[in-house]
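**Q** The numbering used here puts the first residue of the sequence shown at 5, with every later residue one more than the last.
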Amino acid sequence: MTRTLFFENALLPDGWARQVRVAVEDGVIRSMTAGASAAGAERHAGIAVPGLPNLHCHAFQRAMAGLAERRGPANDSFWTWREVMYRFLGRLTPDDVEAIAAFAYMEMLESGFSTVTEFHYLHHDPAGRAYADLGEMAARIAAAAGATGIGLTLLPSLYMTGGFANAPPMEGQKRFLNDVDRFLTLVARSRDIVAALPAARVGIAPHSLRAVPPEALSRVVANCLDGPIHIHAAEQTKEVEDCVAALGARPVEWLMHNADVEARWCLIHATHMTPTETEALARTGAVAGLCPLTEASLGDGIFDGARYLGADGRFGIGTDSNIQIDAAAELRQLEYSQRLRDRARNVMARQEGASVGRSLFDNALAGGTQACARPVGAIAAGKRADIVLLDADHPDLAAGAGDHWLDAWIFIAGRAAVREVLVGGDSVVADGRHSAHDDITRRYVATVKRVLAA
Ligand code: NGQ
Ligand code: ZN
């Protein structure tokens with residue numbers, strides 16, 4: 005059945021348009037016409053922009069947000085945070101993970117994301133034994149995506165070692181571990197698990213050079229003939245130093261020389277790169293998966309956005325630890341981190357007069373779409389009808405037009421500007437609230453109370 009949607013203002017591939025009619029069939033845009041009449045169409049109020057892909061998420065971490073903000077005995081860091089995180093995940097059951105993921109995905113939709121790319125490594129039971137179904141946890145992620153309506157790219161993650169040079173895994177990592185063969189079985193199982201979700205994709209996520217030895221990395225990449233390949237790289241300076249000691253090169257440098265990094269790849273964080281690495285990464289056509297709020301929260305460092313953008317590097321944004329789920333806030337943090345470092349303004353836009361919000365949005369949309377490998381990312385024929393309607397009556401947007409709407413959303417209003425979200429043409433968020441907001445929230449709160457009391 006074909007439905008016709010109508011938007012007073014919409015951001016189309018060649019720019020802002022007025023009075024846009026969009027025909028949708030089976031969740032996919034078949035045609036669109038600007039300057040058209042609204043007769044007979046479903047009118048959706050607000051400013052229509054493509055939904056953003058979230059290119060990096062560990063959903064379960066949403067439930068420990070705020071629980072690692074207490075000072076420890078000395079020198080808190082990414083590594084002490086990771087210990088807190090490992091203790092927390094040790095308690096989670098499959099039901100818990102499903103409830104937490106549904107809540108996180110609901111918040112993503114409510115903030116303007118319409119795809120989640122789940123970098124999924126919590127595979128086994130608390131004792132480290134595989135569940136009867138190797139894909140038990142993957143199925144919970146898929147169920148949460150299905151319940152909320154968010155589009156899913158599922159990236160089963162391979163985790164083998166506790167550090168470089170085949171360091172044995174730590175106790176807290178035993179729920180993550182697979183060998184290459186069992187991992188490939190899990191990838192195949194994941195394809196079955198997501199099959200019922202609209203245009204879901206499966207890729208692979210070798211966790212990091214810390215957790216995957218070089219031989220295993222080349223084997224899984226050789227076995228992944230399609231779908232995205234994501235890997236954490238160069239997030240922490242200690243990781244860079246350990247990588248140089250073990251492999252003789254910095255993480256991004258090593259990947260450039262030893263893996264065939266191309267457009268299917270997404271390097272998560274890529275925080276600590278030399279100018280040469282930054283420019284080399286840009287040339288590969290791979291995506292840098294930036295997670296600015298998490299990188300700030302964890303004290304990772306600042307991505308060299310100015311140089312990377314200048315070299316035509318592709319990037320997208322991810323919510324990673326989910327300390328705060330807000331698409332606009334991620335983009336704002338990215339720009340503000342550049343400003344603070346450079347003592348400058350309007351860094352992440354290239355031409356004089358260009359809107360920084362528009363530049364951030366366009367880049368995150370294109371890079372996120374490439375990294376999730378779903379047919380999304382534009383209000384255009386052939387793409388899924390994943391559309392965010394910004395509130396044209398919000399005080400920060402009401403007097404604006406065109407790119408100013410994006411600047412106002414990203415730099416001022418944040419998620420409060422998101423009024424409605426359509427996935428596959430169906431409204432899942434209205435008046436800023438997901439259609440199952442109360443049920444999903446109740447279940448989440450009950451879960452967190454139980455987990456924290458345990
Ligand atoms: C993760 N998070 O996979 O959740 C990691 C921590 C690790 C970040 N790197 C675990 N931000 O790196 O081993
Ligand atoms: Zn991550």
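We put the CB at the ideal spot given by N, CA and C, even for glycine.
Bear in mind the structure is a predicted one, so any value in this text is a computation, not a measurement.
Give the C-beta separation of Ala412 and Gly404 to the nearest angstrom, bearing in mind that I take them to be a contact with Cβ-Cβ under 8 Å.
**A** Rounded to the nearest angstrom, the Cβ distance from Ala412 to Gly404 is 6 Å, consistent with a contact under 8 Å.
**Q** Met149: which of Gln342, Met110, His124, Glu73 sits nearest, CA to CA?
**A** First, the residue type needs correcting, since residue 149 is Ala and not Met in the sequence shown. Per the Cα distances, Met110.
**Q** Note down the Cα distance separating Asp435 from Pro172, rounded to an integer number of angstroms.
**A** 50 Å
**Q** Does the Cβ of Thr373 lie closer than 8 Å to at least one heavy atom of ligand 1?
**A** The answer is no for Thr373.
**Q** Tell me whether the region 30-37 and the region 58-78 touch, counting them as touching only if at least three CB pairs, one residue from each stretch, are closer than 8 Å.
**A** Contact fails between the region 30-37 and the region 58-78, because fewer than three Cβ pairs, one in each stretch, are under 8 Å apart.
**Q** Hey, would you say the C-beta of Ile391 is under 8 Å away from at least one heavy atom of ligand 2?
**A** no
**Q** In terms of residue numbering, what span does the alpha helix (DSSP H) encompassing Pro217 cover?
**A** Neither: Pro217 is in no alpha helix (DSSP H) and is coded neither H nor E.
**Q** Using 9 Å as the threshold, is the C-beta distance between Glu12 and Arg34 below it?
**A** no
**Q** Got a sec, what are the start and stop residues for the alpha helix (DSSP H) Glu281 sits in?
**A** 279-288
**Q** For Phe307 versus Thr275, is the C-beta distance shorter than 9 Å?
**A** yes
**Q** In terms of DSSP beta bridges, what is Ile235 paired with?
**A** Leu271
**Q** Give me the residue from Met5, Thr6, Pro17, Asp230 with the minimum Cα distance to Gly381.
**A** For the residues Met5, Thr6, Pro17, Asp230, the minimum Cα distance to Gly381 belongs to Pro17.
**Q** Here's the rule: buried if 16 or more other CB atoms are within 10 angstroms of the residue's CB, otherwise exposed. What is Asn58?
**A** So Asn58 ends up on the buried side.
**Q** What residue range is occupied by the uninterrupted beta strand (DSSP E) comprising Gly320?
**A** 318-321
**Q** For Thr280 and Leu426, what's the separation of their Cα atoms in angstroms?
**A** 41 Å
**Q** If we ignore side chains and look at the alpha-carbon of each, how far apart do Pro130 and Val198 end up?
**A** Inter-residue distance for Pro130 and Val198 is about 24 Å (C-alpha atoms, whole angstroms).
**Q** Tell me, please, which residues DSSP counts as bridged to Val121.
**A** Checking the sequence, you will find Thr at residue 121 rather than Val. DSSP, once it has assigned bridges, lists Thr157 as partnering Thr121.
**Q** Could you tell me which residues DSSP pairs with Asn13 in its beta bridges?
**A** Arg22, Ile51
**Q** Rounded to a whole number of angstroms, what is the C-alpha to C-alpha distance between Trp258 and Leu213?
**A** 9 Å
**Q** How long is the line joining the alpha carbons of Ser81 and His234, rounded to whole angstroms?
**A** 24 Å
**Q** Assuming Leu201 and Ala142 form a contact by the criterion Cβ under 8 Å, report the distance between their Cβ atoms to the nearest whole angstrom.
**A** Wrong, their Cβ atoms sit about 12 Å apart, outside the cutoff.
**Q** To the nearest angstrom, how far is the alpha carbon of Pro296 from that of Ala238?
**A** So the alpha carbons of these two residues sit roughly 14 Å apart.
**Q** With three or more beta-carbon pairs closer than 8 Å as the criterion, would you say the region 356-367 touches the region 178-185?
**A** With the cut-off at 8 Å, the region 356-367 and the region 178-185 do not touch.
**Q** Glu334: which of Ala52, Cys228, Leu56 sits nearest, CA to CA?
**A** Leu56
**Q** Can you give me the start and stop residues for the alpha helix (DSSP H) that Cys61 sits inside?
**A** Looking at the DSSP string, Cys61 is not in any alpha helix (DSSP H); the run it does join, the beta strand (DSSP E), is 56-61.
**Q** Report buried or exposed for Leu344, applying the criterion of at least 16 other Cβ atoms within 10 angstroms of its Cβ.
**A** So Leu344 counts as exposed.
**Q** Entirely within the region 337-411 and at least 3 residues each: give me those beta strand (DSSP E) ranges in chain order.
**A** 391-394
**Q** Report yes if the C-beta of Ala63 is less than 8 Å from at least one heavy atom of ligand 1; otherwise report no.
**A** no
**Q** With DSSP run on the structure shown, which of helix, strand or coil describes Asp99?
**A** helix
**Q** Using beta-carbon positions only, say whether Val291 and Gly386 come within less than 9 Å of one another.
**A** no
**Q** On the three-state DSSP scale, how would you describe Pro255?
**A** The answer is helix: DSSP assigns Pro255 an H, G or I state.
**Q** Measuring alpha carbon to alpha carbon, tell me which residue in His127, Phe187, Met174 is nearest Thr165.
**A** Met174
**Q** So, under 8 Å CB-CB, Phe64 and Leu96 are touching, yes? Tell me the CB distance rounded to an integer number of Å.
**A** Confirmed, Cβ separation roughly 6 Å.
**Q** Would Ser194 and Val206 qualify as a contact pair, given that the criterion is a beta-carbon distance under 9 Å?
**A** yes
**Q** Using the DSSP secondary-structure output, state which residues sit across from Met36 in a beta bridge.
**A** Val26
**Q** Which residues does DSSP pair with Asp246 in a beta bridge?
**A** Bridge partners of Asp246: none, in fact.
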